[in-house]
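The structure under discussion appears below in the form of structure tokens.
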Amino acid sequence: MNDGSAPNTAPSAAPARAGRFAPSPTGPLHLGSLVAALASRLDALAHGGRWLVRIEDLDHERCSDEATGSILHTLDALGFAHDGPVVVQSTRNAEYQAAFDHLLGAGSVYPCACSRREIADSLANADEGDRAVAAGVYPGTCRAGLAPGRAARAWRVRVGDTVIRWRDRCRGERIESLAAEAGDFIIRRADGYWAYQLAVVVDDHLQGITDVVRGDDLLGSTARQIHLLQLLGWPIPRYLHLPVVRGPDGHKLSKQTGARAVDDNDPVGELNRALVHLGFDAIVARDPAAWWPQAVDAWQGELPALRNPCARRAAPPVAAADDGSRR
Ligand SMILES: [Zn+2]
2 MNDGSAPNTA PSAAPARAGR FAPSPTGPLH LGSLVAALAS RLDALAHGGR
52 WLVRIEDLDH ERCSDEATGS ILHTLDALGF AHDGPVVVQS TRNAEYQAAF
102 DHLLGAGSVY PCACSRREIA DSLANADEGD RAVAAGVYPG TCRAGLAPGR
152 AARAWRVRVG DTVIRWRDRC RGERIESLAA EAGDFIIRRA DGYWAYQLAV
202 VVDDHLQGIT DVVRGDDLLG STARQIHLLQ LLGWPIPRYL HLPVVRGPDG
252 HKLSKQTGAR AVDDNDPVGE LNRALVHLGF DAIVARDPAA WWPQAVDAWQ
302 GELPALRNPC ARRAAPPVAA ADDGSRR
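So the sequence shown is residues 2 to 328, counted in the working numbering.
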């Protein structure tokens, strides 16, 4: 690991490999988020790369400094050393504004006056056989300009007829029509907050992230993020989406579903629970310092254990309320 100041001595022009863990501090770390943290760090270290931490706290009402402190403490207790400073999204307005201004100058974004209710009403009156209508995507009401007397609420990015082709390291080739599956999506929310999709793209670029490893609950966000990267003229990272950890009821583990907080006093046990979820065998080690090198060795084989669980699981729907929040 290094602090990022070392020159890249690789003969090719490929950027130095870098991965990241980007939790939303809505509660303490639980097994689901620990799996994403573990996979992203193992992947970075197994390829000689850097591993960065970013706190995605744009949604002030759901996030807290207390949860941020708890997450960082748990990462430390489990031996998750990170490179560089922790990036905190709520401090980065200027960076997001600069990207927004670029998109605005290029004519890629427009103001939208529609309330959620108005969008729902117009979809209810549209052709139910239409794929985009069925997916609940924004019908484009304000695309050609605001109607007289209407004021901007949110800002949306134009998707036109863009088709995004990308490859997930776990799930293989993907082809997505943004118009049918996402529609013109929000990058600045009606409440004034930057949308998750914009912040993630700006931060991944500025942090030099080459490999995004995260839960497959974000699979449906990837095409929108690639669209923004293309509009901004930035390189596209590699992606690896992992099956999220589900509770007994089949829902994704989260604070809302009562997921147990990771126990800082049982670091090796917690690391092994996450490793086993990824399809590997538990590692016998007396402490995290002895555990990590063995886990990195296990990851070297480029996901032998993961490939099948990934292939079996169907992609989650893109669907529903596009209010610019994280999903
Ligand atoms: Zn609108």
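All C-beta atoms, glycine included, are put in the ideal place defined by N, C-alpha and C.
- Task: May I ask you to verify whether the segment 21-40 touches the segment 204-224, counting CB pairs closer than 8 Å and requiring at least 3?
- Result: yes
- Validate contact between the segment 263-274 and the segment 75-93 using beta carbons, cut 8 Å, 3 pairs: yes
- Under 8 Å Cβ to Cβ from Arg18, same chain only, skipping five residues before and after it: list those, please. Taking the sequence shown and counting its residues from 1, one reaches residue 18 at position 17. Hits under 8 Å: Ala45, His48, Gly49, Gly50, Arg51, Thr211 and Asp212.
- Beta-carbon proximity check, Gly184 vs Val138, cutoff 7 Å: Within the sequence shown, numbered from 1, the residue matching residue 184 stands at position 183. Within the sequence shown, numbered from 1, the residue matching residue 138 stands at position 137. Contact flag set, yes.
- Rounded to a whole number of angstroms, what is the C-alpha to C-alpha distance between Ala224 and Ala180? As a position in the sequence shown, residue 224 is number 223, starting the count at 1. As a position in the sequence shown, residue 180 is number 179, starting the count at 1. Using only the alpha carbons, I get a separation of about 11 Å.
- Task: Label Asn273 either buried or exposed according to how many other C-beta atoms from any shown protein chain fall within 10 Å of its C-beta, with 16 as the threshold for buried.
- Result: Residue mapping note: residue 273 aligns to position 272 of the sequence shown, counting from 1. Buried, because 16 or more other Cβ atoms sit within 10 Å of the Cβ of Asn273.
- For Asp128, which residues from the same chain have a beta carbon less than 8 Å from its beta carbon, with the 5 sequence-adjacent residues on both sides left out? As a first step, residue 128 must be located in the sequence shown, where it is residue number 127. Excluding positions up to five away in sequence, the list reads Val134.
- Task: Would you kindly work out how many angstroms separate the C-alpha atoms of Tyr240 and Gly248, rounded to a whole number?
- Result: Here residue 240 refers to the residue found at position 239 of the sequence shown. Here residue 248 refers to the residue found at position 247 of the sequence shown. The straight-line gap from Cα to Cα measures roughly 25 Å.
- Task: Closer than 6 Å by C-beta to Pro29: which residues in its own chain qualify, once you throw out the five before and the five after it? Chain order, please.
- Result: Taking the first residue of the sequence shown as 1, we reach residue 29 at position 28. Hits under 6 Å: Ser71 and Ala262.
- Message: If you follow the alpha helix (DSSP H) that Trp300 is in, where does it begin and where does it stop?
- Response: Stepping through the sequence shown from its first residue, residue 300 is reached at position 299. It spans Pro289 to Trp300 - the alpha helix (DSSP H) in which Trp300 sits, taken as one unbroken run.
- Query: What does Tyr111 pair with, by DSSP beta-bridge criteria?
  - Reply: Taking the sequence shown and counting its residues from 1, the one referred to as residue 111 is at position 110. Arg157.
- Message: So, for Asp169: in the same chain, excluding its five sequence neighbours on each side, which residues have a beta-carbon less than 7 Å away from its beta-carbon?
- Response: To locate residue 169, count along the sequence shown from 1; it is residue 168. Excluding sequence neighbours, Asp169 sits near Arg175, Tyr240, Leu241 and His242.
- Pick from Arg154, Arg159, Ala136 and Ala155 that is closest to Ala145, judged by C-alpha positions: Position 144 of the sequence shown holds residue 145. Nearest of Arg154, Arg159, Ala136 and Ala155 to Ala145, Cα basis: Arg159.
- Task: Quick one: give me the first and last residue of the alpha helix (DSSP H) that Gly33 is part of.
- Result: Position 32 of the sequence shown holds residue 33. Start and end: Leu32 to Ala47.
- Determine the closest residue to Ala152 out of Pro112, Leu35 and His61, with distance taken between C-alpha atoms. Here residue 152 corresponds to residue number 151 of the sequence shown, with the count starting at 1. The option with the nearest alpha carbon to Ala152 is Pro112.
- Task: Would you grab the beta carbon distance between Cys64 and Thr92 for me? Rounded to a whole angstrom, and I think it's under 8 Å.
- Result: In the sequence shown, residue 64 corresponds to position 63, counting from 1. In the sequence shown, residue 92 corresponds to position 91, counting from 1. Contact flag wrong, Cβ pair sits at about 13 Å.
- Identity of the residue in Leu73, Val54, Gln90 and Leu53 nearest Asp60 by Cα: Reading the sequence shown from its first residue, position 59 is the one you call residue 60. Nearest of Leu73, Val54, Gln90 and Leu53 to Asp60, Cα basis: Gln90.
- Task: Examine ligand 3 and report whether any of its heavy atoms sits within less than 6 Å of the Cβ of Cys115.
- Result: Ligands present in the displayed structure are limited to ligand 1, and ligand 3 is not among them.
- Tell me, please, which residues DSSP counts as bridged to Ser178. For the purposes of this step, residue 178 is identified with residue 177 of the sequence shown, where counting begins at 1. Partner(s): Val164.
- Item | DSSP bridge partner residues for Gly70 (one or two, in chain order) | Residue 70 sits at position 69 when you count from the first residue of the sequence shown. DSSP output for Gly70 lists no bridge partner at all.
- Query: Can you name the start and end residues of the alpha helix (DSSP H) that Gly20 belongs to?
  - Reply: Position 19 of the sequence shown, counted from the start, is the residue given in the question as residue 20. No alpha helix (DSSP H) contains Gly20, which is instead part of the beta strand (DSSP E) from Ala19 to Phe22.
- Which one of Ser25, Gly209 and Val297 has the shortest CA to CA distance from Leu219? Residue 219 sits at position 218 when you count from the first residue of the sequence shown. Minimum Cα distance to Leu219 is reached at Ser25.
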